[in-house]
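Number of protein chains: 2
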Amino acid sequence: MESLISIGRKAKLVGNKLANYSTVKKNSALKYMAENLINEAEFILGENSVDIVKARKEEKEKAFLDRLMLDKKRIQKMAEGLLEVVKLPDPIGELEARIKRPNGLIIEKRTVPLGVIGIIYEARPNVTVDASALCFKAGNAVILRGGSGAINSNKALVKVLKQGLKKEGIPFEAIQLIEDTEKKTAVEFMKLREYINVLIPRGGESLINTVVENSLIPVIETGVGNCHIFVDETADLEMAKKIVINAKTNRPAVCNAAETLLIAERIAPTYLPVLLTELEESGVEIRGCNRVKKLFPKYKLATEEDWFTEYLDYIISVKIVKNIDEAITHINKYGTKHSEAIVTENQQNARRFSQEIDAAAVYINASTRFTDGFEFGMGAEIGISTQKLHARGPMGLKELTSYKYVIHGNGQIR
Amino acid sequence: MESLISIGRKAKLVGNKLANYSTVKKNSALKYMAENLINEAEFILGENSVDIVKARKEEKEKAFLDRLMLDKKRIQKMAEGLLEVVKLPDPIGELEARIKRPNGLIIEKRTVPLGVIGIIYEARPNVTVDASALCFKAGNAVILRGGSGAINSNKALVKVLKQGLKKEGIPFEAIQLIEDTEKKTAVEFMKLREYINVLIPRGGESLINTVVENSLIPVIETGVGNCHIFVDETADLEMAKKIVINAKTNRPAVCNAAETLLIAERIAPTYLPVLLTELEESGVEIRGCNRVKKLFPKYKLATEEDWFTEYLDYIISVKIVKNIDEAITHINKYGTKHSEAIVTENQQNARRFSQEIDAAAVYINASTRFTDGFEFGMGAEIGISTQKLHARGPMGLKELTSYKYVIHGNGQIR
Chain A
1 MESLISIGRK AKLVGNKLAN YSTVKKNSAL KYMAENLINE AEFILGENSV
51 DIVKARKEEK EKAFLDRLML DKKRIQKMAE GLLEVVKLPD PIGELEARIK
101 RPNGLIIEKR TVPLGVIGII YEARPNVTVD ASALCFKAGN AVILRGGSGA
151 INSNKALVKV LKQGLKKEGI PFEAIQLIED TEKKTAVEFM KLREYINVLI
201 PRGGESLINT VVENSLIPVI ETGVGNCHIF VDETADLEMA KKIVINAKTN
251 RPAVCNAAET LLIAERIAPT YLPVLLTELE ESGVEIRGCN RVKKLFPKYK
301 LATEEDWFTE YLDYIISVKI VKNIDEAITH INKYGTKHSE AIVTENQQNA
351 RRFSQEIDAA AVYINASTRF TDGFEFGMGA EIGISTQKLH ARGPMGLKEL
401 TSYKYVIHGN GQIR
Chain R
415 MESLISIGRK AKLVGNKLAN YSTVKKNSAL KYMAENLINE AEFILGENSV
465 DIVKARKEEK EKAFLDRLML DKKRIQKMAE GLLEVVKLPD PIGELEARIK
515 RPNGLIIEKR TVPLGVIGII YEARPNVTVD ASALCFKAGN AVILRGGSGA
565 INSNKALVKV LKQGLKKEGI PFEAIQLIED TEKKTAVEFM KLREYINVLI
615 PRGGESLINT VVENSLIPVI ETGVGNCHIF VDETADLEMA KKIVINAKTN
665 RPAVCNAAET LLIAERIAPT YLPVLLTELE ESGVEIRGCN RVKKLFPKYK
715 LATEEDWFTE YLDYIISVKI VKNIDEAITH INKYGTKHSE AIVTENQQNA
765 RRFSQEIDAA AVYINASTRF TDGFEFGMGA EIGISTQKLH ARGPMGLKEL
815 TSYKYVIHGN GQIR
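Going down the list, the protein sequences come from chains A and R. What the first sequence shows, in my numbering, is residues 1 to 414, in sequence order. What the second sequence shows, in my numbering, is residues 415 to 828, in sequence order.
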């Protein structure tokens with residue numbers, strides 16, 4: 001199998017070239033990739049079924065199988081995703097600023113690709129296609145390291161994508177897959193600081209922690225969302241109910257789903273019965289704080305661990321808070337800086353919440369479920385950053401770029 | 415001595431508050447700090463002399479002593495630096511974008527502080543003041559970890575700066591110094607991912623590597639500059655000479671000084687004698703490639719290591735290259751992505767150089783010495799980033815910020 005250093009070196013070399021490819025050329029390659037996905041659907045499904053058989057033998061859980069399994073419809077969706085990326089504006093070469101200095105120097109700030117992006121992810125073949133397309137359109141070489149459970153699917157998909165590169169005469173090494181699925185190889189991959197400019201882990205908390213702890217390459221942390229909804233005493237209660245139900249039950253397994261409901265004590269006794277009943281009817285398990293437990297003894301008591309937990313499931317923890325101060329303190333303590341919402345008709349509370357909550361996205365009177373590249377109008381996303389460095393919140397094409405200063409002079413010296 | 419976790423926790427708490435302080439309040443504190451520096455000059459110099467005596471006893475080299483030593487003039491300069499930061503626009507709370515989505519959501523993107531910034535640096539007391547001022551103005555809490563050789567100076571300076579905070583009723587913990595100077599404490603500091611949002615090492619290559627290798631906190635690499643000047647065959651030779659001499663000799667110990675001269679083979683035999691003689695007359699040692707050595711046997715032969723070396727001294731390595739392709743390949747191989755210059759009258763070469771060189775700052779017909787926050791019109795800088803993530807090149811106040819999305823709705827759900 002090819003050595004990681006060889007993979008890294010090739011990516012770096014190609015990365016330097018991709019920066020200067022035209023938008024037309026990149027888009028054309030993406031279109032060929034989309035076509036090839038459809039044309040090679042049988043081949044891809046065949047390879048995917050090898051992974052599926054193995055996963056069944058290993059008695060993987062249902063959610064794992066669901067994420068792994070491909071069918072014609074899902075391949076069609078991947079191809080459509082590629083065509084969506086074609087439509088997005090090319091972020092490279094944009095003139096972000098141009099200043100003339102008193103000494104006559106003209107300083108231009110231009111967007112450039114990051115260079116080589118490493119993606120480490122779980123057994124989700126769709127990430128193989130999405131991530132490749134976004135990195136490529138932003139002029140980056142990409143090195144993929146997907147979960148071992150999807151290795152056959154990933155090999156097939158990358159092979160098909162490379163055919164798209166070939167039609168445009170773009171070196172194959174713009175998209176590379178690490179085929180060695182041993183864990184120690186992944187850890188070694190995280191040390192290739194000389195060749196890789198940024199590493200983006202996509203997956204659960206333990207994957208992200210492994211990457212942060214082992215990587216020498218700069219990392220962008222994504223995706224862990226312990227999101228809250230705070231309903232204050234001035235809230236439009238009908239609106240609050242709709243938002244809470246939506247944020248919890250619309251798609252509980254995603255990172256922008258709500259995990260905890262905070263409610264102002266003044267309205268808790270009258271409003272909670274309505275709201276909690278409705279949540280229960282939607283199949284949601286309630287875990288309450290001491291005060292909730294006193295009002296409704298039938299619910300389980302939430303533990304300290306509950307407040308920290310991203311359930312990703314039909315479970316919600318509920319806490320009665322004295323006021324907005326207690327709500328803000330709770331969220332800044334237990335939240336993961338992803339998405340937080342307040343439902344209120346009080347302008348001052350809305351302003352305080354938006355200023356004092358430390359999160360990528362803060363919502364006033366809307367569901368946390370909107371934290372998403374498509375919903376933000378970016379067209380696509382490679383993940384939701386929960387750190388403050390480089391990019392925060394949904395990361396689209398622009399967030400996969402860096403910049404460079406080009407300075408034009410006529411002999412200036414200091 | 416206070417535990418690191420206690421320092422981190424306090425910084426995080428105060429960091430959340432600083433984000434919402436008014437510009438007036440922050441500027442007023444900075445002005446008090448400047449006043450206090452002048453008023454307490456005797457105290458600071460007394461503490462500094464303790465460090466100086468120790469350094470002399472340990473027979474530290476001249477450059478070390480020069481960076482460590484304070485006098486009234488240097489303290490005056492520190493105070494002036496603080497007043498410069500007062501004048502800079504406040505980067506916090508700026509509305510970077512505002513979009514209305516078809517569903518009626520209004521998405522605002524606003525600048526916010528990074529939160530808590532850790533600075534790890536060598537025995538340079540001026541960094542204590544500069545870094546504190548910039549981090550503070552951008553609404554960040556700062557934790558300083560300076561070189562052990564300057565610990566008494568740093569303690570004195572931080573004490574004086576804190577008096578400025580006190581006059582405005584700002585918690586002391588906005589600026590904290592780690593007083594424990596053991597190396598293992600610094601390494602432990604780099605693990606405080608829960609409390610610190612970004613770590614900025616300022617110093618030489620070995621310091622930066624130690625931080626990159628040990629840190630769990632996102633790092634911004636700064637300051638290593640193996641900068642090149644390429645003189646092509648169309649260059650205005652008088653201009654080229656001025657630029658090369660300036661970039662090499664104006665201040666050889668700084669990161670934007672030139673370390674290698676590349677020269678097109680067509681002009682080398684006639685032009686090099688003039689240029690190298692002038693460099694020698696400026697006290698610069700020449701180390702040449704094989705071809706230079708053949709033309710001028712008196713010079714030392716440059717080794718492979720030379721091409722990688724940031725001399726920071728009156729030494730230059732000189733290589734004759736065939737053409738711009740060889741120049742670009744050399745720079746992208748040996749450079750540190752800091753500052754690179756071409757001297758040329760050929761527009762196409764200028765464009766290729768600016769596109770294909772992978773560096774924070776690419777100069778056409780100007781000295782590399784301009785890569786600097788002041789020279790770029792940022793007013794001040796905390797360092798020169800040589801990575802592509804988050805910030806590249808000189809980092810001013812804006813580069814010490816992140817952003818947050820604030821989304822206003824009226825009950826939107828998905």
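All C-beta atoms, glycine included, are put in the ideal place defined by N, C-alpha and C.
Reference residue i, options the options, closest by Cα
i: A:I75; options: A:Q412, A:L45, A:G203; result: A:L45
i: R:V572; options: R:K424, R:P683, R:I592; result: R:I592
i: R:F722; options: R:G639, R:R766, R:A773; result: R:G639
i: A:I242; options: R:R828, R:E699, R:L444; result: Position check: residue 242 of chain A holds Lys in this sequence, whereas Ile was assumed. Closest option to A:K242, Cα to Cα, is R:R828.
i: A:P91; options: A:I331, A:N214, A:C135; result: A:C135
i: A:V219; options: R:V612, R:T624, R:G617; result: R:V612
i: A:S317; options: A:L301, A:E278, A:P102, A:N323; result: A:L301
i: R:R806; options: A:G396, A:G393, A:T336, A:T401; result: A:T401
i: R:I452; options: R:D485, R:N430, R:L686, R:G429; result: R:D485
i: R:E596; options: R:E461, R:K445, R:G560, R:I466; result: R:G560
i: R:T542; options: R:V499, R:I589, R:L579; result: R:I589
i: A:G115; options: A:E375, A:V321, A:Y195; result: A:Y195
i: R:P687; options: R:P711, R:P666, R:A672, R:A667; result: R:P711
i: R:N704; options: R:P527, R:I734, R:T624, R:M792; result: R:I734
i: R:E695; options: R:K818, R:L621, R:Y728, R:N737; result: R:Y728
i: A:A359; options: A:M378, A:Q348, A:N332, A:Y299; result: A:N332
i: A:I5; options: A:L397, A:I143, A:P201, A:A150; result: A:I143
i: R:G895; options: R:T785, R:K818, R:I565, R:L803; result: Because chain R in this structure spans residues 415 to 828, residue 895 of chain R falls outside the shown range and cannot be described.
i: A:T111; options: A:G411, A:N410, A:I217, A:L397; result: A:L397
i: R:K551; options: R:K569, R:S562, R:L496, R:I565; result: R:L496
i: A:L389; options: R:E498, R:I631, R:P539, R:N623; result: R:I631
Reduced DSSP secondary structure (H/G/I, E/B, other) of residue i
i: R:A794; result: coil
i: A:K162; result: helix
i: R:H822; result: strand
i: A:N332; result: helix
i: R:T648; result: coil
i: A:N140; result: coil
i: R:V829; result: Because residue 829 of chain R is not part of the residues shown, which for chain R are 415 to 828, the question remains open.
i: R:K802; result: coil
i: R:M415; result: coil
i: R:V638; result: coil
i: A:I316; result: strand
Contacting residues, own chain, Cβ-Cβ under 7 angstroms from residue i (five flanking each side not counted)
i: R:M415; result: E593, D594
i: R:C669; result: G637, V638, G639, H752, I798
i: R:V625; result: I534, M604, L613, P615, V633
Enclosing beta strand (DSSP E) for residue i [first to last residue]
i: R:H642; result: 641-645
i: R:Y777; result: 775-780
i: R:V612; result: 612-616
i: A:I263; result: 258-264
i: A:V116; result: 116-121
i: A:R287; result: 285-288
Neighbourhood of residue i by C-beta, 6 angstroms cutoff - its chain only, sequence neighbours within 5 removed
i: R:Y748; result: W721, F722
i: A:V187; result: N214
Nonlocal neighbours in the same chain, by C-beta distance under 8 angstroms from residue i, ignoring five residues either side
i: A:Y21; result: G139, I170
i: R:I659; result: E692, L693, S696
Start-to-end residues for the alpha helix (DSSP H) that takes in residue i
i: R:M447; result: 437-453
i: R:I419; result: 418-432
i: A:K109; result: Counting along the chain, A:K109 falls outside any alpha helix (DSSP H), though it belongs to the beta strand (DSSP E) covering 106-113.
i: R:N495; result: Note that residue 495 of chain R is Gly in the sequence shown, not Asn. Note, R:G495: alpha helix (DSSP H), 486-501.
i: A:K183; result: 183-189
i: A:E96; result: First-last for A:E96: 95-100, but that is the beta strand (DSSP E), not the alpha helix (DSSP H).
i: R:P683; result: 682-695
**Prompt:** Can at least three beta-carbon pairs, one atom from the region 642-652 of chain R and one from the region 673-680 of chain R, be found at a separation below 8 angstroms?
**Reply:** At 8 angstroms Cβ cutoff, the stretches touch.
**Item:** Segment contact flag, the region 454-471 of chain R with the region 599-607 of chain R, C-beta cutoff 8 angstroms, min 3 pairs
**Value:** no
**Inter-stretch contact at 8 angstroms, needing at least 3 Cβ pairs: the region 417-427 of chain R / the region 117-128 of chain A** = Contact between the region 417-427 of chain R and the region 117-128 of chain A is absent: fewer than three C-beta pairs spanning the two stretches fall below 8 angstroms.
**Asked** How do the region 343-351 of chain A and the region 91-110 of chain A stand: do at least 3 beta-carbon pairs fall below 8 angstroms, yes or no?
**Response** no
**Cβ-based contacts, 7 angstroms cut-off: residues of the region 662-680 of chain R near chain B** = Among the protein chains in the structure shown, which are A and R, there is no chain B.
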